[in-house]
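Participant: In the order they appear, the protein sequences are chains V and E.
Numbering of the first sequence is given in the working numbering, commencing with residue 1 and proceeding in unit increments.
Numbering of the second sequence is given in the working numbering, commencing with residue 306 and proceeding in unit increments.
Positions of the beta carbon are idealized from the N, C-alpha and C atoms, including for glycine.
Shown below is the structure under consideration.
There are 2 protein chains.
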Amino acid sequence: MTSAPLPDPAAPTINSTEQWCQRPVGIVGLGLIGGSLGLDLQQLGVEVRALVHREATAERARQRGLATQVSTDPAVLTGCGLVVLALPLDRLLEPPAELLAALPPQAVITDVGSVKAPVLACWSPLVQRFVASHPMAGTAQAGVEAGQLGLFRDRPWVATPDAATDPEALELVQGLAQAVGAQWLTCAAAAHDRAVALISHLPVLVSAALLQTADRSSADPSADGELAGLVRQLASSGFADTTRVGGGNPELGTLMARCNQEALLAALDRYRSALDQLEACVRESDWQGVQQTLQRCQRLRPEFL
Amino acid sequence: MTSAPLPDPAAPTINSTEQWCQRPVGIVGLGLIGGSLGLDLQQLGVEVRALVHREATAERARQRGLATQVSTDPAVLTGCGLVVLALPLDRLLEPPAELLAALPPQAVITDVGSVKAPVLACWSPLVQRFVASHPMAGTAQAGVEAGQLGLFRDRPWVATPDAATDPEALELVQGLAQAVGAQWLTCAAAAHDRAVALISHLPVLVSAALLQTADRSSADPSADGELAGLVRQLASSGFADTTRVGGGNPELGTLMARCNQEALLAALDRYRSALDQLEACVRESDWQGVQQTLQRCQRLRPEFL
Chain V
1 MTSAPLPDPA APTINSTEQW CQRPVGIVGL GLIGGSLGLD LQQLGVEVRA
51 LVHREATAER ARQRGLATQV STDPAVLTGC GLVVLALPLD RLLEPPAELL
101 AALPPQAVIT DVGSVKAPVL ACWSPLVQRF VASHPMAGTA QAGVEAGQLG
151 LFRDRPWVAT PDAATDPEAL ELVQGLAQAV GAQWLTCAAA AHDRAVALIS
201 HLPVLVSAAL LQTADRSSAD PSADGELAGL VRQLASSGFA DTTRVGGGNP
251 ELGTLMARCN QEALLAALDR YRSALDQLEA CVRESDWQGV QQTLQRCQRL
301 RPEFL
Chain E
306 MTSAPLPDPA APTINSTEQW CQRPVGIVGL GLIGGSLGLD LQQLGVEVRA
356 LVHREATAER ARQRGLATQV STDPAVLTGC GLVVLALPLD RLLEPPAELL
406 AALPPQAVIT DVGSVKAPVL ACWSPLVQRF VASHPMAGTA QAGVEAGQLG
456 LFRDRPWVAT PDAATDPEAL ELVQGLAQAV GAQWLTCAAA AHDRAVALIS
506 HLPVLVSAAL LQTADRSSAD PSADGELAGL VRQLASSGFA DTTRVGGGNP
556 ELGTLMARCN QEALLAALDR YRSALDQLEA CVRESDWQGV QQTLQRCQRL
606 RPEFL
């Protein structure tokens with residue numbers, strides 16, 4: 001006879017806030033991710049101590065109530081049991097000495113970077129209890145005004161532990177993710193980086209190239225003058241959707257390409273093959289080939305939604 | 306002294322329904338465009354006579370009230386002053402003899418095809434008062450269930466007259482477009498086809514190739530087994546938006562490619578150059594180049610919205 005497994009009363013309740021936040025949580029950087037995390041954690045009753053770079057940011061963050069305490073002095077992190085590095089990838093990969101010195105030696109340190117292998121390679125040797133992680137939540141906003149309550153709810157939060165990752169540290173970060181309502185999953189850093197190259201970094205370039213094509217082709221001197229105006233008047237929701245990520249934050253797009261160069265180049269190579277095949281069908285008037293490909297794509301897309 | 310031009314009381318009020326619909330309007334085909342047009346026109350008090358291919362479609366169209374009269378007999382078009390050919394491109398480009406025979410000799414004939422040069426070439430010699438036009442409204446729906454009120458409101462309705470187009474016939478079609486709330490514009494057929502290749506047909510292929518890339522790369526035997534699941538779990542709104550048109554109606558996508566082959570191949574060629582440039586920047590670690598391109602794209606996109 002089988003039955004549903006009963007809850008084990010001895011199992012740790014890792015998603016209860018009592019369990020994992022006995023001590024203050026530190027957040028380094030109060031942009032979209034750091035600010036949103038600060039708001040959520042305070043609503044859960046957690047004391048949040050935030051370190052920011054500039055006094056003007058600190059002032060605005062205090063006005064917005066993004067953390068219990070906000071300072072430009074790294075000493076604000078003293079006493080934190082968990083520190084979340086919510087920095088842009090470039091600053092995360094070149095941590096200043098004063099930040100490293102201010103991290104409490106026994107604290108669990110995690111990050112929110114959108115590429116994981118270089119972060120793991122950089123930080124694992126620097127701190128004892130490091131957990132590489134990536135909350136996959138975003139809006140078009142950035143900076144100290146961007147943080148919002150509930151950003152992580154039902155969004156994936158991926159951690160990429162390796163053999164050296166402390167299991168207790170990993171569990172603490174899992175507790176954080178689940179406390180803010182995110183869906184926790186773990187995988188190898190290389191698999192994460194290949195996946196985000198395909199679903200996030202490649203689309204930015206594909207989409208940007210489309211915008212450039214519409215602009216350049218219509219501005220071509222061989223086009224009669226009306227084409228440039230026409231493409232702008234006639235572009236509708238399909239074009240708007242396909243170009244949205246290509247018209248997004250240029251600094252973020254560049255950082256992701258730079259930090260995930262190898263996986264992105266591999267994805268681009270694959271992409272070129274797929275487009276070449278479709279173009280060959282069009283050139284050779286193989287309409288059955290075009291239709292079969294588009295039929296496969298129509299079946300495929302719901303798997304990714 | 307300058308002043309705003311006063312309305313000319315002698316100017317024809319081409320967008321008043323009284324002006325252009327003294328006689329019934331015929332619609333051939335009651336899919337998304339034909340059905341929506343039938344609903345709008347009836348609401349404006351116009352008598353609509355529709356010709357469809359199959360009796361089952363006629364029955365359902367009657368239940369939905371898509372036209373005043375629906376028949377599979379071409380004679381239903383007798384007496385119409387304007388006939389709208391709301392057929393798929395392939396059927397539009399190979400009109401059956403019985404349809405041609407049933408079109409009232411003095412009626413204005415227009416179409417709704419998404420490619421204009423081949424339609425103009427096919428139909429101009431066949432009927433005396435032909436106007437090639439393209440109402441640019443769409444939803445993900447197709448068929449007799451798809452028609453809806455107000456589909457054309459604030460959407461572009463492009464006509465592509467040539468030297469042989471009867472000006473009065475053009476004015477009648479303009480009246481139709483404006484009566485259903487569309488934004489009327491005219492341009493050369495070749496310019497229209499180049500524009501839609503860039504903003505509509507190219508995006509379908511670009512987007513489909515992206516879906517295939519994500520699928521194939523993650524299914525690669527060299528990938529550890531988790532990648533295929535991971536890309537599906539982690540794909541978010543950016544991937545969903547960029548792949549929407551690639552996962553759309555395969556028959557429609559194929560027809561558009563087939564009927565706009567030359568302009569689409571030219572657009573693909575341009576696209577390849579734009580993507581090659583971006584890829585070269587990534588390969589050569591020219592991050593300034595990537596960032597400058599993405600900055601241009603960020604500035605560019607609002608021009609197309």
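Which residues does DSSP pair with glutamine 183 of chain V in a beta bridge?
Facilitator: V:Pro156
Participant: Quick one: Cα of isoleucine 414 of chain E to Cα of alanine 487 of chain E, how far?
Facilitator: Computed Cα separation, rounded: 18 Å.
Participant: Would you tell me roughly how many angstroms separate the C-alpha atoms of glutamate 284 of chain V and serine 438 of chain E, rounded to the nearest one?
Facilitator: 28 Å
Participant: I'd like the ranges of any beta strand (DSSP E) spanning at least 3 consecutive residues and lying wholly in the segment 75–148 of chain V.
Facilitator: Look at the segment 75–148 of chain V and you find these whole runs of beta strand (DSSP E), each 3 residues long or longer: 82–85, 108–111, 133–135.
Participant: Is the segment 469–483 of chain E close to the segment 398–417 of chain E, with three or more CB pairs under 8 Å?
Facilitator: yes
Participant: Tell me which residues of the segment 174–205 of chain V have at least one Cβ-Cβ distance to chain E shorter than 9 Å, keeping chain order.
Facilitator: Gln183, Leu185, Cys187, Ala188, Ala190, Ala191, His192, Arg194, Ala195, Val196, Ala197, Leu198, Ile199, Ser200, Leu202, Pro203, Val204, Leu205
Participant: Cβ closer than 7 Å: which chain V residues qualify as neighbours of serine 438 of chain E?
Facilitator: Within chain V, no residue comes near serine 438 of chain E; the closest Cβ sits about 13 Å away, beyond 7 Å.
Participant: Nearest chain E C-beta to glutamate 306 of chain V closer than 9 Å, yes or no?
Facilitator: Residue 306 of chain V lies beyond the range of chain V shown here (1 to 305); nothing can be said about it.
Participant: Taking the Cβ atom as the reference point for each residue, do glutamine 374 of chain E and proline 410 of chain E lie within a distance shorter than 9 Å?
Facilitator: no
Participant: At which residues does the beta strand (DSSP E) containing leucine 356 of chain E begin and terminate?
Facilitator: Start and end: 353–356.
Participant: Express the C-alpha separation of glycine 238 of chain V and valine 511 of chain E in angstroms, rounding to a whole number.
Facilitator: Distance between the alpha carbons of valine 511 of chain E and glycine 238 of chain V is about 12 Å.
Participant: Looking at the C-beta of valine 231 of chain V, does it have a partner C-beta in chain A at a distance below 9 Å?
Facilitator: Although the question refers to chain A, the structure presented lacks it and instead comprises the protein chains V and E.
Participant: Does DSSP put serine 71 of chain V in a helix, in a strand, or in coil?
Facilitator: strand
Participant: Of all the residues that make up the segment 531–556 of chain E, which are near chain V by a beta-carbon distance shorter than 8 Å?
Facilitator: Within the segment 531–556 of chain E, the residues whose Cβ lies closer than 8 Å to some Cβ of chain V are Glu531, Leu532, Leu535, Val536, Arg537, Gln538, Leu539, Ala540, Ser541, Gly543, Phe544, Ala545, Asp546, Thr547, Thr548, Arg549, Val550, Gly551, Gly552, Gly553, Asn554, Pro555, Glu556, listed in chain order.
Participant: Does the segment 360–380 of chain E come within contact of the segment 388–396 of chain E, defined as at least 3 CB pairs closer than 8 Å?
Facilitator: no
Participant: State the Cα-Cα distance for the pair arginine 359 of chain E and threonine 377 of chain E, rounded to the nearest angstrom.
Facilitator: 6 Å
Participant: How many Å lie between serine 248 of chain E and alanine 197 of chain V at the Cα?
Facilitator: It is not possible to answer for residue 248 of chain E, since the shown part of chain E is limited to 306 through 610.
Participant: What are the boundary residues of the beta strand (DSSP E) that includes valine 333 of chain E?
Facilitator: 330–333
Participant: In terms of residues, what are the limits of the alpha helix (DSSP H) holding glutamine 600 of chain E?
Facilitator: 592–605
Participant: Which residue's Cα is closest to the Cα of proline 423 of chain E: E:Ser505, E:Gln566, E:Gly343, E:Val595?
Facilitator: E:Gln566
Participant: Which chain E residues sit within Cβ distance under 7 Å of glutamine 141 of chain V?
Facilitator: Residues of chain E passing the Cβ test: none, with the nearest at roughly 14 Å.
Participant: Take every Cβ of the segment 149–160 of chain V, pair it with every Cβ of the segment 173–188 of chain V, and state whether three or more of those distances are shorter than 8 Å.
Facilitator: By the Cβ rule, the segment 149–160 of chain V counts as touching the segment 173–188 of chain V, because three or more pairs are nearer than 8 Å.
Participant: With the cut-off set at 9 Å, would you say arginine 301 of chain V and threonine 548 of chain E are in Cβ contact?
Facilitator: yes
Participant: By alpha-carbon positions, which one of E:Met561, E:Glu608, E:Ala445, E:Cys492 ends up nearest to aspartate 215 of chain V?
Facilitator: Checking every option, the nearest Cα to that of aspartate 215 of chain V belongs to E:Glu608.
Participant: For the segment 460–472 of chain E, enumerate the residues whose C-beta is nearer than 9 Å to any C-beta of chain V, in chain order.
Facilitator: Arg460, Pro461, Val463
Participant: If you compare alpha carbons, which of E:Gly558, E:Arg577, E:Leu599, E:Arg575 is closest to threonine 293 of chain V?
Facilitator: E:Gly558
Participant: Can you tell me whether DSSP reads proline 466 of chain E as helix, strand or coil?
Facilitator: coil
Participant: Kindly give me the distance between the Cβ atoms of valine 381 of chain E and arginine 354 of chain E, rounded to whole angstroms, as I take these residues to be in contact under 8 Å.
Facilitator: With a contact defined as Cβ atoms closer than 8 Å, valine 381 of chain E and arginine 354 of chain E qualify at about 5 Å.
Participant: With distances taken from CA atoms, which of V:Asn249, V:Gly147, V:Thr213, V:Gln233 is nearest glycine 29 of chain V?
Facilitator: V:Gly147
Participant: Using the beta-carbon count (16 or more within 10 Å), is glutamine 22 of chain V buried or exposed?
Facilitator: exposed
Participant: Can you list, in chain order, the residues of the segment 387–418 of chain E whose Cβ is nearer than 7 Å to any Cβ on chain V?
Facilitator: Taking 7 Å as the Cβ-Cβ cut-off against chain V, none of the residues of the segment 387–418 of chain E qualify.
Participant: Residues of chain E with CB closer than 7 Å to the CB of cysteine 297 of chain V, please, in chain order.
Facilitator: Ala513, Leu516, Gln517, Gly551, Gly552
Participant: DSSP three-state label for proline 317 of chain E, please.
Facilitator: Model confidence at proline 317 of chain E stands at a pLDDT of 39, short of 50, so the residue's coordinates are unreliable; what they give is reported in the following sentence. In the structure shown, proline 317 of chain E sits in coil (DSSP, three-state: anything other than H, G, I, E or B).
Participant: In the structure shown, what three-state DSSP assignment does proline 508 of chain E receive?
Facilitator: Note: proline 508 of chain E maps to helix in three-state DSSP.
Participant: Counting only beta-carbon atoms, is alanine 451 of chain E nearer than 9 Å to chain V?
Facilitator: no
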